[in-house]
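Residue numbers (my numbering): 91 to 427.
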């Protein structure tokens, strides 16, 4: 089987994860080039992963004739520019979420993708490719829990990484665009419906500096979808126990619950503190297999010349809803969409 030759732009923590997966864990892919503004970081990753093509200029990577597809794992504000470089150079594109930092840029990304219908575009909402969520989706489609009544989705970051979180927070776009956008995508994907009404609330419970950024360290939103399904999402930055993403889907004939205890193994620790499960301490560990699975799907879509999901339009819709959540939060009122 011919391997898809992929170049990765951005060697931050997640970019490095994707590069390692492409090089070592995705049989259909070959890591062909690496690009990062920090040349030493790019060269270090390239040496480790056996890559000879190293760039600091993204346009040069996209112009490399050996590169067939590009994985964009840069700051959100540069995503649309990078998508343009890649697709205008004839490369298929995998882009990390969110699509862009505002809706206007998302619409610009749509136009770029529409101008290149021969190329595959896929957005990195990896939870859709997590094994547990895939099982839940199939059970919903098979009617095992009847009609969905409620989707409840929690995303909590561990307090152990708060220093880095606080450094990024002023330019993150806020809780709803940076964190809850995953839950928004899940709600749309699981219910196959769009929000009709929403009301977001929250506050600065532990880290008061979030108020300076028109944000909260803990925030929530209640929604009602066009098909009357209810949804509730919560995003927190100060979980004492670890990285915790939990989803519950309540139906008329049953309930599905995913990761109510975010344990990284089946081991129970019994000691003087009682009985406990040790939890994931970072998102990379929790979603490692999902990152591999989504890249495998991207390669399959290119090989089979079929549309990938999530789409560029999912990126726009999720971003629009996230900003509507922020508007509701800031104005303390329900929005009818």
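Glycine included, C-beta positions come from ideal geometry on N, C-alpha and C.
Environment of residue i [buried if 16+ CB atoms lie within 10 Å]
i: residue 330; result: exposed
i: residue 258; result: exposed
i: residue 291; result: exposed
i: residue 145; result: buried
i: residue 175; result: buried
i: residue 148; result: buried
i: residue 181; result: buried
i: residue 195; result: buried
i: residue 260; result: exposed
i: residue 418; result: buried
i: residue 187; result: buried
i: residue 313; result: buried
i: residue 376; result: buried
i: residue 237; result: exposed
i: residue 267; result: buried
i: residue 210; result: buried
i: residue 422; result: exposed
i: residue 207; result: exposed
i: residue 381; result: buried
i: residue 411; result: buried
i: residue 309; result: buried
i: residue 91; result: exposed
Distance between beta carbons of residue j and residue i, contact taken as under 8 Å
i: residue 244; j: residue 156; result: That pair is no contact at about 43 Å.
i: residue 229; j: residue 129; result: That pair is no contact at about 48 Å.
i: residue 135; j: residue 172; result: So it is not a contact: roughly 18 Å between Cβ atoms.
i: residue 385; j: residue 112; result: 6 Å
i: residue 383; j: residue 219; result: 4 Å
i: residue 288; j: residue 425; result: 6 Å
i: residue 198; j: residue 169; result: In fact, because the Cβ distance is near 10 Å, the residues do not count as touching under 8 Å.
i: residue 123; j: residue 143; result: 4 Å
i: residue 151; j: residue 214; result: Between residue 214 and residue 151 the Cβ distance is about 18 Å, and since that is not below 8 Å, they are no contact.
i: residue 348; j: residue 222; result: 5 Å
Host beta strand (DSSP E) of residue i (start-end)
i: residue 286; result: 285-293
i: residue 120; result: 119-125
i: residue 409; result: Per DSSP, residue 409 belongs to no beta strand (DSSP E); it is in the alpha helix (DSSP H), 402-421.
i: residue 96; result: 94-99
i: residue 213; result: 211-214
i: residue 360; result: 359-361
Residue i: CB within 8 Å of a non-hydrogen atom of the ligand NAP
i: residue 426; result: The ligand NAP is absent from the structure shown, which contains no ligands of any kind.
First through last residue of the alpha helix (DSSP H) which encompasses residue i
i: residue 265; result: 265-268
i: residue 388; result: 373-394
i: residue 366; result: Premise fails: residue 366 lies in the beta strand (DSSP E), 364-366, not in any alpha helix (DSSP H).
i: residue 302; result: No alpha helix (DSSP H) holds residue 302; DSSP gives it neither H nor E.
i: residue 226; result: 221-231
i: residue 110; result: 103-114
With three or more beta-carbon pairs closer than 8 Å as the criterion, would you say the stretch 269-286 touches the stretch 311-319?
yes
Are three or more beta carbon pairs between the stretch 364-380 and the stretch 332-342 nearer than 8 Å?
yes
Do three or more CB pairs link the stretch 268-276 to the stretch 354-361 at distances below 8 Å?
No: fewer than three Cβ pairs fall under 8 Å.
What are the uninterrupted segments assigned as beta strand (DSSP E) that are 3 or more residues long and contained completely in the stretch 133-198, given in chain order?
143-145, 159-162, 182-186
Should the stretch 160-178 be regarded as contacting the stretch 132-143, the criterion being three or more beta carbon pairs within less than 8 Å?
no
Threshold first: 4 residues or longer. Then list the alpha helix (DSSP H) segments lying entirely within the stretch 310-352, N to C.
none
Check whether the stretch 296-307 touches the stretch 336-349, taking contact to mean three or more Cβ pairs, one atom from each stretch, closer than 8 Å.
no
Counting pairs of Cβ atoms below 8 Å between the stretch 116-128 and the stretch 386-406, do you hit three or more?
yes
Would the stretch 247-258 and the stretch 404-414 be scored as touching if the rule is three or more Cβ pairs under 8 Å?
Contact between the stretch 247-258 and the stretch 404-414 is absent: fewer than three C-beta pairs spanning the two stretches fall below 8 Å.
Please give me, in chain order, every unbroken run of the alpha helix (DSSP H) with length at least 4 that falls completely inside the stretch 233-280.
The alpha helix (DSSP H) runs of length 4 or more contained entirely in the stretch 233-280 are, from start to end of the chain, 252-258, 265-268.
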